[in-house]
Amino acid sequence: MAYRVESSRCIGRFIALALLLGVAPPLWAQAEMVASFPEDGAMLEQAPEELTIRLDEPLRLTLFAVSGPAGMVKLTETSEGSLEERHYAIPEGRFEPGEYRIVWRGTAASGTASAGGYRFEIME
1 MAYRVESSRC IGRFIALALL LGVAPPLWAQ AEMVASFPED GAMLEQAPEE LTIRLDEPLR
61 LTLFAVSGPA GMVKLTETSE GSLEERHYAI PEGRFEPGEY RIVWRGTAAS GTASAGGYRF
121 EIME
């Protein structure tokens, strides 16, 4: 009889653990970038007028930074602070030829932090 009780407890613990592991991944999942403009790795003949990212869940961006051959690019407008799936930034001036890197960081409504980035190049 004691064997059955202990066996039932083990099975119950196993089921509880399986349920916990089956439900938990969405709780710690981070937002991912699903699209960008320019696309990651793009080689452009013309400089873009706007930079955008689209995420798989709404985030409140705390950082949207662009660096290039001359250092950090000043942005005149960004969507930092708003809880959205699509975010944008508009550069102050024209991009010079060279490689550019966009870095973003944000927080979901659940409090989960996410970050990412991408690169593109403007041809001479």
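Just so we're aligned, residue 1 is where the sequence shown starts under full-length UniProt numbering, counting upward by one.
Yeah, the Cβ is synthetic: ideal placement off N, Cα and C, and Gly gets one too.
P69 and W104 have their alpha carbons spaced roughly 19 Å apart. In the pairwise beta carbon analysis, the stretch 37-47 is classified as not touching the stretch 56-65: fewer than three pairs are separated by under 8 Å.
Straight through space, the alpha carbons of E77 and G98 are spaced by roughly 22 Å. I53 is classed as buried because its beta carbon has at least 16 other beta carbons within 10 Å across all chains shown. G106 is classed as buried because its beta carbon has at least 16 other beta carbons within 10 Å across all chains shown. Between A35 and R119, the alpha-carbon positions lie close to 13 Å from each other.
Relative to the Cα of G71, the nearest Cα in the group G117, L83, T112, E96 belongs to E96. Secondary-structure assignment with DSSP links A113 through a beta bridge to T107.
When rounded, the separation of the alpha-carbon atoms in Q30 and E85 is 13 Å. Closest in C-alpha terms to K74, from the list S110, A108, R94, M33, comes R94.
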